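Residue 103 in the numbering used here sits at position 101 of the sequence shown, and the numbers go up by one each step.
Beneath this line is the structure, given in structure tokens, with notes to follow.
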Amino acid sequence: VRLNERAIGRRPIPNTLPNHKNVYLGVLALIVLGSAPSAVTVSDAVVMNMAEPVDNTDHIMISKKRLVASLHALNLQTDDFSIRLEDIIDLLWKEAKSGSGHNIRRSDDENDVESDCNEVDIVEL
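If you want it as structure tokens, here you go:
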């Protein structure tokens, strides 16, 4: 779509277009449900044998498999809607992968929580 072309052909119904707060909350939900569990502090990570907290929250790895499993465990997927929701998540992942110039950093550590995920499953937000 060119910038001088209209993206929306007519006036939308009020409160139906997403605002910046709803987009932010949606991305935050994807991060919380799809990211690997980690400790709050480095000392907690050592004691609990968990991943250390991230240094930079600008790049958090999100697993599509973990996100779908979390939604299913929380019973947020109904049988008739779950296939459509997974298709929507697949489209989000394709879109995120096509625009990202980041290389996924993989660890050689067998205790890494991301080691069971393949490269297609993980996106960096």
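Quick reminder that beta carbons are idealized off the backbone N, C-alpha and C, glycines included.
Computed from a predicted structure; not experimentally measured.
- Between the alpha carbons of A38 and T18 lies a gap of roughly 32 Å.
- Taking every protein chain shown into account, the CB of V125 has 16 or more other CB atoms within 10 angstroms, so this residue is buried.
- Annotated as proximal: G36 and R68, with beta-carbon spacing under 8 Å.
- The beta carbons of A31 and A41 sit no closer together than 8 Å.
- DSSP assignment within the stretch 7 to 95 yields the following whole beta strand (DSSP E) runs of 3 residues or more, N-terminal first: 63 to 65.
- The closest CA to that of P55, considering only T43, K96, L78 and L76, is found on T43.
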